[in-house]
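*Asks:* For what it's worth, my numbering labels the leading residue of the sequence shown as 4, then goes sequentially. This is the structure I want to talk about, given as structure tokens.
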Amino acid sequence: MSDLSTKPYLIRAIYEWCADSGLTPYLAVRVDRQTRVPMSYVKDGEIVLNLSVDAVKNLHMGNDEITCGGRFGGVPQEIIVPIAAVIGIFAKETGQGLVFQGQETAPTQLGSEEGDNRPPDNPPPTKPRLRVVK
């Protein structure tokens, strides 16, 4: 039995689907100490990154982290996002994509309530909020 996570594979699949469909892939990230992003763009501990070919360079989507270079306010920045910090990936234009609930639980489609198997006595976690970044 393998202990490889499906999360990086699903992120790459949605990214490729966006690219093949002519859509803009956005990555929602929960910022922690291992996440390297421009902190001035972080709101409520989260950031949404545009991963389109026009927005980033040297994009590498590995099994442990996503790395690329991007410009924020015209200033080049190196971006490092651990896979564990990824909240979801979706198409800007349609909102379709995946949101990852918890650390390594199965993803659900954005806006879907399916897959919630928690007992009713547990309080529901706060849902990730995705915002359009222009």
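A virtual CB, placed ideally from N, CA and C, is assigned to each residue, including glycine.
I'd like the list of long-range same chain contacts for isoleucine 50, defined as Cβ closer than 7 angstroms, with 5 residues on each side in sequence excluded.
*Replies:* Counted from its first residue, the sequence shown places residue 50 at position 47. Taken in chain order, the residues that qualify are Val32, Val34, Val40 and Tyr44.
*Asks:* Taking only three categories from DSSP, how would you classify proline 79?
*Replies:* In the sequence shown, counting from the first residue as 1, residue 79 sits at position 76. It is a strand residue.
*Asks:* By Cβ distance below 8 angstroms, which residues in the same chain neighbour asparagine 61 in space, the five residues on each side in sequence not counted?
*Replies:* Position 58 of the sequence shown, counted from the start, is the residue given in the question as residue 61. Closer than 8 angstroms at the Cβ level, and outside the excluded window around asparagine 61, lie Thr70, Cys71 and Gly72.
*Asks:* Tell me threonine 70's beta-bridge partners as DSSP assigns them.
*Replies:* Here residue 70 refers to the residue found at position 67 when the sequence shown is read from its first residue. DSSP lists His63 and Ile83 as partners of threonine 70.
*Asks:* Considering just the uninterrupted stretch of the beta strand (DSSP E) at isoleucine 13, what are its terminal residues?
*Replies:* Translated into positions along the sequence shown, residue 13 becomes position 10. According to the sequence provided, residue 13 is leucine. The question's isoleucine does not apply to it. No beta strand (DSSP E) contains leucine 13, which is instead part of the alpha helix (DSSP H) from 10 to 23.
*Asks:* Kindly list the residues whose CB is nearer than 8 angstroms to the CB of aspartate 67, restricted to its own chain and excluding five residues on each side of it in sequence; keep chain order.
*Replies:* Taking the first residue of the sequence shown as position 1, residue 67 is located at position 64. Once the five neighbours on either side are set aside, the close Cβ partners of aspartate 67 are Pro11, Pro85 and Ile86.
*Asks:* Taking the alpha-carbon of alanine 94 as reference, which of Ser8, Ala16 and Cys21 has the nearest alpha-carbon?
*Replies:* Taking the sequence shown and counting its residues from 1, the one referred to as residue 94 is at position 91. With distances taken between Cα atoms, alanine 94 lies closest to Cys21.
*Asks:* To the nearest angstrom, report how far apart valine 59 and asparagine 53 are at their CA atoms.
*Replies:* Your numbering for residue 59 matches position 56 in the sequence shown. Your numbering for residue 53 matches position 50 in the sequence shown. So the two alpha carbons sit approximately 8 angstroms from each other.
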